[in-house]
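The structure appears right after this line, and notes come after that.
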Amino acid sequence: MPFLILKAQKPIANMPTELVTIGDHIRAKRLKSTEPLKETASKIGVNQWTLMNWEKHRTKNIPAKYYPKIMEYLTYCPLIQDAEIKNTPKTLGQKIKLHRLHQGLNQKKFAKLLKVDPTTVKFWESGERKPSIKTVQKLIKIMGIFDFQKF
Numbered sequence: 204m205p206f207l208i209l210k211a212q213k214p215i216a217n218m219p220t221e222l223v224t225i226g227d228h229i230r231a232k233r234l235k236s237t238e239p240l241k242e243t244a245s246k247i248g249v250n251q252w253t254l255m256n257w258e259k260h261r262t263k264n265i266p267a268k269y270y271p272k273i274m275e276y277l278t279y280c281p282l283i284q285d286a287e288i289k290n291t292p293k294t295l296g297q298k299i300k301l302h303r304l305h306q307g308l309n310q311k312k313f314a315k316l317l318k319v320d321p322t323t324v325k326f327w328e329s330g331e332r333k334p335s336i337k338t339v340q341k342l343i344k345i346m347g348i349f350d351f352q353k354f
């Protein structure tokens, strides 16, 4: 009796056409370097299932504590790339949020660092309120040289 043996290769994983989410950036780099998911996940400090969820857009927000490792893996910041890209931070609130994420801090930890309420940080980042002059001076010390005159 003849048997039919089928041999097939795994389909090639889809390379993201547009790098919209951080998961897209990670997936593109991982596929270009042909690195296994598990190896990439260990470099970032998460398990393979978490990374897979990021890559497949199953997670709305990536916790701030992973951003430094993600940027180290990518060798660039996926949140800003070009001045022409519309998601480049322009407002003070967006710049505060970007700096906070670069440090791997959530709003609560960043607020503790500045000795303000976490809700205050939320309001700054959303643009609902602006920090006081005293707080701006703290931000300048923490964030380095920053053009606060525009705000």
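Note that my numbering gives residue 327 to position 124 of the sequence shown, counting from 1, and the numbers run on in steps of one. Positions of the beta carbon are idealized from the N, C-alpha and C atoms, including for glycine. Computed from a prediction, not measured in an experiment: that's the story for all the values here.
Return the Cβ separation of residue i and residue j in integer angstroms, given the expectation that the two are a contact with Cβ distance under 8 Å.
i	j	result
residue 237	residue 244	Not a contact, Cβ separation roughly 15 Å.
residue 241	residue 251	5 Å
Taking C-alpha atoms, which residue in the options lies nearest to residue i?
i	options	result
residue 268	248, 276, 229	248
residue 227	246, 255, 345	255
residue 316	296, 331, 338	338
residue 277	233, 300, 347, 320	233
residue 330	302, 296, 346	296
Nearest-angstrom Cα distance between residue i and residue j?
i	j	result
residue 275	residue 207	48 Å
residue 314	residue 341	12 Å
residue 304	residue 280	10 Å
residue 272	residue 229	11 Å
residue 324	residue 344	17 Å
residue 191	residue 262	The structure shown has nothing for residue 191, since the chain only spans 204 to 354.
residue 292	residue 282	9 Å
residue 223	residue 231	11 Å
residue 354	residue 300	Only weak support exists for where residue 354 lies, its pLDDT of 46 falling under 50; the value from the coordinates is given anyway. Whole-angstrom Cα-Cα distance: 15 Å.
residue 307	residue 321	15 Å
residue 211	residue 217	17 Å
residue 326	residue 332	5 Å
Name the two residues that bound the continuous alpha helix (DSSP H) containing residue i.
i	result
residue 305	295 to 306
residue 314	310 to 317
residue 228	225 to 235
residue 322	321 to 329
residue 245	240 to 247
residue 343	336 to 346
residue 253	251 to 258
residue 265	Segment: none, residue 265 is in no alpha helix (DSSP H) and carries neither H nor E.
residue 271	270 to 277
Is there a C-beta anywhere in chain D that falls below 7 Å from the one on residue i?
i	result
residue 242	This model lacks chain D altogether; it includes just one protein chain.
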